[in-house]
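Contents: one structure, followed by commentary.
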Amino acid sequence: PIFGNIDWQNEQIIIVQHKTGERLCCPLLDEVGNALFDYLSTGRPEKAEGDFVFVRKRAPFRHLTGTYSQIAALCKKLGVKPQNGRGIGPHTLRYTFTRRLLSSGRVPHQTVTAALGHKTNSSDCYYRSMEDERLRECALNLSEVGSFCWED
Numbered sequence: 068p069i070f071g072n073i074d075w076q077n078e079q080i081i082i083v084q085h086k087t088g089e090r091l092c093c094p095l096l097d098e099v100g101n102a103l104f105d106y107l108s109t110g111r112p113e114k115a116e117g118d119f120v121f122v123r124k125r126a127p128f129r130h131l132t133g134t135y136s137q138i139a140a141l142c143k144k145l146g147v148k149p150q151n152g153r154g155i156g157p158h159t160l161r162y163t164f165t166r167r168l169l170s171s172g173r174v175p176h177q178t179v180t181a182a183l184g185h186k187t188n189s190s191d192c193y194y195r196s197m198e199d200e201r202l203r204e205c206a207l208n209l210s211e212v213g214s215f216c217w218e219d
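Next up, the structure:
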C-alpha cells in the first residue's frame, strides 16, 4: 500500500484490489496500526523512494514488487513446511487464512469472499473444499433406515 491508503483518523486501510479493481476498506486493528507505526518509525529506510509503505531493505529502496521469495525464505527459516509438500509462499498464507476463517464458523461467507477479493461466492469454490468437516456435520444418519436386500 501507499501512505494514502492508510486512514489513521478513521482507523482503516483502503485499497483497490489488483485482481478485481474493487475498492476494499479494512479495519486498521490496533495490532496492525502499532506494527505499521513501529515499521515506519524504526524499520523503514530513511532514504526510501516514493509513497510506498513497504520498500526494499537494501538500496535501491524502491517498493516491493513481489513477496514470494521473502515469504518462502522466512517460512524456511521458521521451519514451516506445507502439508501438501509443495512450495510455500503468499498463496499458502492466503489458503491458510481462508481455511481458518471458514473453519471458525463465525465469519460470514460473504465476508470471506470479500476478503479474498472475489466478486461472487462462486469464485471461491476452490476454497470450499476446505469445509469438509463442516459438511460432515450435515450428513444424515441412515442407520435407522435398515439394510437393503438385493434380489437376483
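Position one of the sequence shown corresponds to residue 68 (the numbering used here), numbered consecutively onward.
Glycine included, C-beta positions come from ideal geometry on N, C-alpha and C.
Other residues of its chain near residue i: CB distance less than 7 Å, five sequence neighbours each side excluded
i: Arg123; result: Arg129, Leu131
i: Pro94; result: Glu78, Gln79
i: Arg111; result: Val122
i: Thr134; result: Pro157
i: Val147; result: Ile155
Beta bridge counterpart(s) of residue i as assigned by DSSP
i: Cys92; result: Ile81
i: Asp74; result: Gln79
Neighbour-count burial assignment, residue i, 16 or more Cβ in a 10 Å radius
i: Val83; result: exposed
i: Tyr185; result: The identity of residue 185 in the sequence shown is His, whereas the question assumes Tyr. Buried, by the Cβ-count rule.
i: Ala115; result: buried
i: Thr60; result: The requested residue 60 does not occur in the structure, where the chain is confined to residues 68 to 219.
i: Leu103; result: buried
i: Leu168; result: buried
Same chain, Cβ closer than 6 Å to residue i, neighbours up to 5 away in sequence not counted
i: Arg118; result: Reading off the sequence shown, one finds Asp at residue 118, where the question assumed Arg. Excluding sequence neighbours, Asp118 sits near Ile69, Phe70.
i: Cys92; result: Gln79, Ile81
Neighbourhood of residue i by C-beta distance below 8 Å, restricted to the same chain and skipping five residues each side
i: Asn72; result: Ile80, Ile81, Ile82, Val120
i: Pro149; result: Ile155, Thr159
4-residue-minimum alpha helix (DSSP H) runs that sit fully inside the segment 104 to 181, ordered along the chain | 135 to 145, 157 to 171
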